[in-house]
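Peer 1: Numbering (the numbering used here), first residue to last: 1005 to 1597. Note that beta-carbon positions come from the ideal geometry of N, C-alpha and C, so glycine has one too. Please read all numbers here as calculations on a predicted model, not as lab measurements. For reference, the structure I am asking about is given below.
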């Protein structure tokens, strides 16, 4: 078979191992050959079929060995320049051929152009312009120079470059094909030499055979190394991606923690600090620069304590009192965990917790336990209380003595009071249905409040002491009228108890906010300002400043509001220039049509 036909056959077989062209309209949907399709996969183009998704090639797998590609192309330019200089030197010496100089000049320009603009792609065929300007051009130019070699110059070692190019950047079959093409070129040169000089031709045949075997060995070894490199490269990329993902997840978790977390070394350099830690130490706002933490009011105290932890080399727990930004102090629970890195660097992980949050959680747990106990006690009280009420009614019917009548009346009043307390407790502890499983009733806010006020005023006349302003016409709110009665009556009772006897000492105001979809009911009184201790526990159960109060009123009001998506809050507010206490219920509202 002629050498050219043999080379064409080799190349045709090699195309079966190259990446196939895309089979769909989407350029990113190209089909890649796998190990099942080619016995010579994997390569830079063809990863193992069992490789994970992260090891599969991207839309352009040449993005991975781009640096290696650049090095090889630069080597081609350098070799081309050396060949041009060599041919020019031969011309000067009178032993060269002019057309070989032009050939080397064209080769220099071609290699420089490929370095600047060319880049093989995964869909390139064996005879694509890019492969033609790299692999096949090198083999052709070196074969011509070898055939027309002058003097003692031997161009045989140059054939290693295209073989390495194919072995590193192509599949194994292409590398072996390039080695075969180079071997055929050397054998052809040996054959022509044998025709003119049989004695020298025999030596050339032996040299060509040994060189060809070496090229095949180089092709196979270089390809195996490239396959191993691409696998390690893919694994490194996968590990980096997993590490970045883990870092992002950790940062997201730490950033969202209410507990402060910071990491610092023995020199006081802050490696990391989440927003909670920055705010706890007195920063006005969270910053992306952890070093800004060293300028916060609480940093000197914290750093001094961490230094002592480094000195002892053990875990430490303590409570720190740090300055607050707006004045005052803040109590923090701090836990330090010194650690030693693999490089010998010492660092300390510090966890900060605001004791106010700790106390709030403890208080919440206490309230939950108290609620369960109260519900059990209420159930136990209900039946004996009903028996006491019935016995008191019978006793009241049989007695005519005014003293006894007064005693039975007192018993009846206190029994009713205990009954209301039991009902309130059972109402609160009874879990409501989820919002999406029940239909909330709607009532006209102004009309309902006016009716409830009239009923309350019949029992507790106020005259000019109470002022009502209706400013939410045609406004419907999601609330049951009976539950709104309990909320409003409780707020009015408190206002009546603590307000003065002046005109408009108690003011009830409704207001609509259509833009926000809300409406408010405000009960204001000109009573004295609440103390800080009362404000802190204002809506907690069994907390009251009045001796005859159960302390459940405001707690039950807030719980009832929460069942309808409403809120109950307190603020110190001015009304017509007079300071007072305002309790505001905010409803979800809609306009009546």
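Starting from residue 1300 and walking both ways along the alpha helix (DSSP H), at which residues does that stretch end?
Peer 2: Where residue 1300 is concerned, there is no enclosing alpha helix (DSSP H), given that its DSSP letter is neither H nor E.
Peer 1: Is DSSP giving residue 1455 helix, strand or coil here?
Peer 2: Correct three-state label for residue 1455: helix.
Peer 1: When we look at the beta-carbon of residue 1161 and count the other beta-carbons within 10 Å, is it buried (16 or more) or exposed?
Peer 2: With fewer than 16 Cβ atoms within 10 Å of its Cβ, residue 1161 is classed as exposed.
Peer 1: Helix, strand or coil for residue 1400, going by three-state DSSP, please let me know.
Peer 2: Note: residue 1400 maps to helix in three-state DSSP.
Peer 1: So, under 8 Å CB-CB, residue 1326 and residue 1301 are touching, yes? Tell me the CB distance rounded to an integer number of Å.
Peer 2: With a Cβ gap of about 6 Å, residue 1326 and residue 1301 count as contacting.
Peer 1: Hey, could you find the ends of the beta strand (DSSP E) residue 1262 is sitting in?
Peer 2: Neither: residue 1262 is in no beta strand (DSSP E) and is coded neither H nor E.
Peer 1: Would you kindly check if the distance between the Cβ of residue 1422 and the Cβ of residue 1598 is under 9 Å?
Peer 2: There is no way to answer for residue 1598, as the model of the chain reaches only from 1005 to 1597.
Peer 1: In angstroms, rounded to a whole number, what distance separates the CA positions of residue 1502 and residue 1364?
Peer 2: Cα to Cα, the separation comes out at about 28 Å.
Peer 1: Distance, Cα to Cα, residue 1417 vs residue 1389?
Peer 2: Approximately 12 Å between the Cα atoms of the pair.
Peer 1: Which same chain residues, not among the five before or five after residue 1328, have their C-beta less than 8 Å away from its C-beta?
Peer 2: Contacts found: 1286, 1301 and 1334.
Peer 1: So if DSSP puts residue 1334 in a beta bridge, which residue, or which two residues, is it bridged to?
Peer 2: Bridge partners of residue 1334: 1326.
Peer 1: Note down, one range per segment and in chain order, each beta strand (DSSP E) of at least 3 residues found wholly within the segment 1564-1589.
Peer 2: 1571-1579, all fully within the segment 1564-1589.
Peer 1: Taking only runs of the alpha helix (DSSP H) that begin and end inside the segment 1158-1205, which ones reach a length of at least 4 residues, in chain order?
Peer 2: Correct list: 1164-1173 and 1176-1200.
Peer 1: Can you name the residues that DSSP bridges to residue 1341?
Peer 2: Looking at the DSSP assignment, residue 1341 forms a beta bridge with 1353.
Peer 1: When you compare each of 1199, 1251 and 1538 to residue 1574 by their alpha carbons, which one comes out closest?
Peer 2: Out of 1199, 1251 and 1538, 1538 has the C-alpha closest to the C-alpha of residue 1574.
Peer 1: Based on the DSSP output, what are the partners of residue 1515 in its beta bridges?
Peer 2: DSSP output for residue 1515 lists 1475 and 1524 as bridge partner(s).
Peer 1: In the DSSP output, which residue or residues are listed as bridge partners for residue 1447?
Peer 2: Beta-bridge pairing links residue 1447 to 1481.
Peer 1: Using a beta-carbon distance below 9 Å, is residue 1560 in contact with chain B?
Peer 2: Absence of chain B from the displayed structure is noted, only one protein chain being present.
Peer 1: Within 10 Å of its beta-carbon, does residue 1587 have 16 or more other beta-carbons around it, so buried, or fewer, so exposed?
Peer 2: By the 10 Å Cβ count, residue 1587 comes out buried.
Peer 1: Among 1193, 1495 and 1394, which has the Cα closest to the Cα of residue 1460?
Peer 2: Nearest of 1193, 1495 and 1394 to residue 1460, Cα basis: 1495.
Peer 1: Where do the N-terminal and C-terminal ends of the alpha helix (DSSP H) with residue 1116 fall, by residue?
Peer 2: Taken as a continuous stretch (DSSP letters only), the alpha helix (DSSP H) holding residue 1116 covers 1102-1121.
Peer 1: Could you name the residues of the same chain whose beta carbon sits closer than 6 Å to that of residue 1170, not counting the 5 residues immediately before and after it, in chain order?
Peer 2: Closer than 6 Å at the Cβ level, and outside the excluded window around residue 1170, lie 1139, 1178, 1179 and 1182.
Peer 1: Taking the alpha-carbon positions, what's the residue 1511 to residue 1489 distance?
Peer 2: Cα to Cα, residue 1511 sits roughly 17 Å from residue 1489.
Peer 1: Work out the CA separation of residue 1252 and residue 1386 for me, nearest whole Å.
Peer 2: For residue 1386 and residue 1252, the distance between alpha carbons rounds to 57 Å.
Peer 1: Assign residue 1467 to one of two classes, buried (16 or more other C-beta atoms within 10 Å of its C-beta) or exposed (fewer than that).
Peer 2: With fewer than 16 Cβ atoms within 10 Å of its Cβ, residue 1467 is classed as exposed.
Peer 1: Going by alpha carbons, who is nearest to residue 1509 out of 1529, 1261 and 1110?
Peer 2: Measuring from the Cα of residue 1509, the nearest candidate turns out to be 1529.
Peer 1: Residue 1070 lies in the alpha helix (DSSP H); which residues open and close that run?
Peer 2: Taken as a continuous stretch (DSSP letters only), the alpha helix (DSSP H) holding residue 1070 covers 1070-1096.
Peer 1: Are residue 1568 and residue 1545 closer than 9 Å when you measure CB to CB?
Peer 2: No, they are not a contact pair.
Peer 1: Pick out whichever of 1114, 1095 and 1184 has its Cα sitting closest to the Cα of residue 1084.
Peer 2: When only C-alpha atoms are compared, the closest one is 1114.
Peer 1: Could you give the C-beta distance for residue 1166 and residue 1193, rounded to a whole number, given that I count them as a contact under 8 Å?
Peer 2: With 8 Å as the limit, residue 1166 and residue 1193 do not qualify as a contact, their Cβ atoms being about 16 Å apart.
Peer 1: Drop a sphere of 10 angstroms on the beta-carbon of residue 1121, count the other beta-carbons inside from all chains shown, and report buried for 16 or more, exposed for fewer.
Peer 2: Counting Cβ neighbours within 10 Å, residue 1121 comes out exposed, since fewer than 16 surround it.
Peer 1: What residues in its chain sit with their C-beta under 6 Å from that of residue 1091, if we drop five residues either side in the sequence?
Peer 2: These residues qualify, in order along the chain: 1100, 1104, 1105 and 1108.
Peer 1: Give the C-beta separation of residue 1356 and residue 1281 to the nearest angstrom, bearing in mind that I take them to be a contact with Cβ-Cβ under 8 Å.
Peer 2: The Cβ separation is near 5 Å, so the contact holds.
Peer 1: Taking its Cβ as the centre, do 16 or more other Cβ atoms sit within 10 Å of residue 1029, making it buried, or is it exposed?
Peer 2: Because residue 1029 carries a pLDDT of 37, less than 50, the predicted location of this residue cannot be relied on, and the following value inherits that uncertainty. Result: exposed.
Peer 1: Would you check whether the ligand COA has a heavy atom nearer than 8 Å to the C-beta of residue 1112?
Peer 2: This structure simply doesn't include the ligand COA, nor any ligand for that matter.
Peer 1: Rounded to whole angstroms, what's the CA-CA distance from residue 1606 to residue 1473? Just pull it up for me.
Peer 2: Residue 1606 is absent from the model: the chain starts at 1005 and stops at 1597.
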